[in-house]
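One structure is given here, and the rest of the page talks about it.
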Amino acid sequence: MINNSYFINILRFTLLVLVQVLVFNRLNFFGFINPMVYILFLFWYPIKENRAAFIVISFLLGFCIDLFSDTLALHAAATVTVAYIRPTIMRFVFGVNYEFQSFKLSNSTRAQQITFLALLIITHHLIFFMLESFSLSNMLLILKKIVFTGLATLILCLLFGSLFSAKKD
Amino acid sequence: MQQIINFIIRFKTSLLYILLLFISLGFTINSHSYHRSKYFNSTNWISGSIYNTADGISTYFDLDEENIRLLEENRKLRNIIFNQGQTDSVEIDTAKASYTILSAQIIKNSYTNPNNYITINKGKKEGVKQDMGVITANGILGIIEHTSNGYSSVQSILNTKSNINAKIKNTNYFGSLIWDGVRYDEVKLVDIPRLVPLLVGDTIVTGAMSSIFPENIPIGTIKSFDLNVSKSFYSIDVELFNDMSNLKNVYIIYNKNRPEILELEAEIANDQ
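Residue numbers (the working numbering), protein chains in the order written: chain A, 1 to 169; chain B, 1001 to 1272.
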């Protein structure tokens, strides 16, 4: 069972990196929207796992995307932050419920799942685009990117989520 | 001591997070200096070969279009050759030429970030070095930033760190070509003095000040212009000739005189 979960996570990691760099980084929808579907990894990652390991894996995930897209460590910084505050977001969305052994993501309501995903995406995009432009002079442009890319990411993540929704832990 | 260890154990996740965050911020801030970290870019072996494979598949879909473009370029070049009164079969003496040109193909393009880098499929093996110029048939594209054995990354003109010497065609008024990160079909030309007569539609080409690009490589046309804050220089919006979102074949230019020029400039800098 443990091996199985490792295997699934490694597979997810690889596939999400490949899909992100080969498909979604080239999408350029409306000239600037590149959805970041790899955030799904943080959404799907088991809740009960070791937090330190989770943070390190998220860093590696971000860093892999960075290697491919020549962004140095922007994705890594954003992803590692999201991984760090994920428990806080979960407590906010699911209440104290999520600390029980029996809690599963698939048991929660649809609205809760969407809120959870949306908060992950907003945090990630906020950090990513702020760091990317590295100044506040283009605030309007940054906001535009955060809002539209965030929406596109959310929609695509929900589609992917329902496509591969079989027994997620 | 015991307390320090307890502290570390208690906050190990936070400490780990802060460590990783600082590592990534360190990389990011370093990247804002002129040359980025040498190893962490898409020219490395893994990402290079993955992009190359993916490109090998997708390249078939626009072969027709690319053929037409190359044919059109050949037509232009032949036009120049025939009108110079020389025939095609004349061997060009490469020893005398001051520029050598390599051809390459783009395997990864990007134009939506504030700092865009393009990856091409030629590297050290073929003699590509840092600071060579890269152009397409239509105009300027960027400067080689990093090379690995088989791949190179190009700092695109659509990069907020890019700064290229450019001038107005048929004059010697030069300025700097920069990008503000807003539109991918527009760059800005700054530092042209206000006494220069300008017209919308004038052509902008590369200047002679740079030892990277030959003079008179087309860049774009003036779309609109305005005086800057101090009212003494123009800030010009330049519409690019290249469609930066649809590129395939590129040429890498190496100026053989560049080491000599750099040496001379270094001497002057030393004297001062």
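Cβ coordinates follow ideal geometry from the N, Cα and C atoms, glycine included.
DSSP places residue 1247/B outside both helix and strand once states are collapsed to three, so it counts as coil. Of the other Cβ atoms in all chains shown, fewer than 16 fall within 10 Å of the Cβ of residue 53/A; this residue is therefore exposed. The criterion of a C-beta distance shorter than 9 Å is not satisfied by residue 1137/B and residue 1120/B. Among the residues facing chain A, residue 1223/B is not included, as its CB has no counterpart in that chain under 9 Å away. At a Cβ-Cβ threshold of 9 Å, residue 1128/B and residue 1110/B do not count as neighbours. Taking a C-beta cut-off of 8 Å against chain B, the contacting residues of the region 124-151 of chain A are 131, 132, 133, 134, 138, 141, listed in chain order. Contact between residue 34/A and residue 149/A holds, since their C-beta atoms are separated by about 7 Å, short of 8 Å. With the rule of 3 Cβ pairs closer than 8 Å, the region 46-66 of chain A counts as touching the region 1014-1025 of chain B. Listed by position along chain B, the residues whose Cβ is nearer than 7 Å to that of residue 74/A are 1028.
Interface with chain A (9 Å Cβ-Cβ cutoff): residue 1142/B is excluded.
For residue 1130/B, the three-state secondary structure derived from DSSP is coil.
With 16 or more other Cβ atoms inside 10 Å of its own Cβ, residue 1154/B counts as buried. Look at residue 1024/B: its C-beta is under 9 Å from a C-beta on chain A. Against chain A, the CB of residue 1128/B has no partner CB under 9 Å away; the residue lies outside that interface.
For the options 155/A, 113/A, 30/A, the alpha carbon positioned closest to that of residue 44/A is the one of 113/A.
Classified as exposed, residue 1193/B has fewer than 16 neighbouring CB atoms from the shown chains inside 10 Å of its CB. Under the DSSP assignment, residue 43/A falls in the alpha helix (DSSP H) whose first and last residues are 40-44. Between residue 73/A and residue 1148/B, the alpha-carbon positions lie close to 20 Å from each other. For the region 1170-1185 of chain B, residues whose beta-carbon sits nearer than 7 Å to a beta-carbon of chain A comprise 1181, 1182, 1184. For residue 1104/B, the nearest beta carbon of chain A is not closer than 9 Å to its own beta carbon. Assigned with DSSP and collapsed to three states, residue 96/A falls in helix. Taking 9 Å as the cut-off, the beta carbon of residue 1195/B is found no closer than this to the beta carbon of residue 1222/B. The CB of residue 1021/B comes closer than 7 Å to the CB of 77, 80, 81 in chain A, given here in chain order. Here residue 1248/B has 1066, 1105, 1106 as same chain residues with Cβ atoms under 7 Å from its own Cβ, once five neighbours each way along the sequence are excluded.
Flagged as an interface residue toward chain B: residue 55/A, by a C-beta distance shorter than 9 Å.
For the pair of segments examined, the region 94-109 of chain A was found not to touch the region 136-155 of chain A: the number of CB pairs separated by less than 8 Å stays below three.
Excluding sequence positions up to five before and after residue 93/A, its CB lies within less than 6 Å of the CB of 112, 115, 116, all in the same chain and listed in chain order. Nearest CB-CB separation between residue 1148/B and chain A: not below the 9 Å threshold. Contact annotation: residue 1190/B and residue 1235/B have beta-carbon atoms nearer than 9 Å. In the three-state DSSP reduction, residue 1108/B falls in the strand class (E or B).
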